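Just so it is clear: in the sequence shown, position 265 is 857 by the numbering used here, and no numbers are missing. A virtual CB, placed ideally from N, CA and C, is assigned to each residue, including glycine. Computed from a predicted structure; not experimentally measured. Scroll down for the structure; my scribbles are underneath it.
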Amino acid sequence: MSSVIRVSGLRKSFGKIRAVDGINFEVERGTVFALLGPNGAGKTTAISMLEGLLQRDSGNIEILGMDPWAEHGTVRMRIGVMPQGFNFFEKLTPLDSLVFYRDLFESSVDPESLLRLVILDDSRNVPFEKLSGGQKQKLGLALSLVNDPEILFLDEPTTGLDPSARRAIWSIIRMFRDRGKTIILTTHYMEEAEQLADNIAIISHGRIIAEGSPEGIVSRYGSGRKVVIKAGKEMGDFLSSERIEASVNGKYFEIRLDPETNLSSLIGLIEDSGISYSQLTVRADSLEDVFIRLVGEMSEGELK
């Protein structure tokens, strides 16, 4: 596959705040690339520069071989954008909105076909102000497709939606990818990144701290398996007395297993203690585990 987006040494500051601090990545055609990070990590600033809406301080950006700031007009005709917190004219219906955008882009797209594509045809004549949150996001997706773009930029497309509406949006995004669209997605939802992205860049304090496929990131940065026990304070006291290192997460004690740990002996020791517990499981690290640890380590480094 060929790269349709190339980013190198990208930086942007607002006063003393360094919002994006020297990030580098490439995105291949026909894939979903997710920028995953906590609020304020620099995701929206980065994507705004890629869209040509914000001038960078330094670094290079190529979108379909063009500079999105210097050649904004040409780039804009070949990309679709759904901004964070999408909103639109309250009195316009989805059908009217798509007709308006079609004329703006001088496009020949059929608005009715786009409404069917995002499963919004039954609400074609409902004013925007009366649409549900999920329906508004579907309209945002439809509007981003009016010019039949090669690349879609979706900034936090499911924030604030209930699980059912979020999964409906996921299905539409998968359909876009299956049609050959390249998608840049920003999100702070782990499951969303795992479900949709071919590749992920975890961003914190304006820097990319990990990049790769979801499975590759977990394999590279994860710490393997762990025993998770739901129990009271007595269990924590016992583990301390046995010099077993455990982290505490609410009512849960997490014991990370290194290659030398004998799992059967560990569980036997816990059973022989006579201390009651309501749950004991053994599981591998998830993307969320890796994300929390990497972002936490980055934050600690920034504070030092």
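Ranked by Cα distance from Q871, the options I862, L879, S878 are led by I862. With 16 or more other CB atoms across the displayed protein chains lying within 10 angstroms of its CB, P749 is buried.
Beta-carbon to beta-carbon, T636 and D747 are separated by about 6 Å, close enough to satisfy the 8 Å threshold. Residue pairing by DSSP places M674 opposite L746 in a beta bridge. Rounded to the nearest whole angstrom, the C-alpha separation of Q727 and E654 is 33 Å.
Counting of Cβ neighbours within 10 angstroms places N652 among the exposed residues, the total staying below 16.
Judged by their CB atoms, G634 and H780 are not nearer to each other than the 9 Å cut-off. Its Cα nearest to that of F625, the residue A789 stands out among E704, H797, A789. For the pair F606 and V874, the Cα-to-Cα distance works out to about 45 Å. When rounded, the separation of the alpha-carbon atoms in L602 and R817 is 36 Å. Within the same chain, Cβ atoms closer than 6 Å to the Cβ of K730 are found at V710, L712, the five residues on either side in sequence being excluded. Residue pairing by DSSP leaves S815 without any beta bridge partner. Around the beta-carbon of N679, fewer than 16 other beta-carbon atoms lie within 10 Å, marking it exposed.
Per DSSP, reduced to three states, the secondary structure at K604 is strand.
Looking from the CA of K722, the closest CA among P660, R848, G622, P686 belongs to P686. V882 sits away from Y844, with the two beta carbons spaced by 9 Å or more. No Cβ-Cβ contact shorter than 9 Å links R835 with E742. Contact annotation: the segment 785–804 touches the segment 876–891, with at least three C-beta pairs closer than 8 Å.
Straight-line measurement puts the Cα of I801 at about 33 Å from the Cα of L831.
Contact between the segment 847–858 and the segment 804–818 is present, with at least three C-beta pairs closer than 8 Å.
With fewer than 16 other Cβ atoms inside 10 Å of its own Cβ, I609 counts as exposed. Leaving aside the five residues that flank V667 on each side, the residues in its chain whose CB is nearer than 6 Å to its CB run, in chain order, G644, I655, M658, P660.
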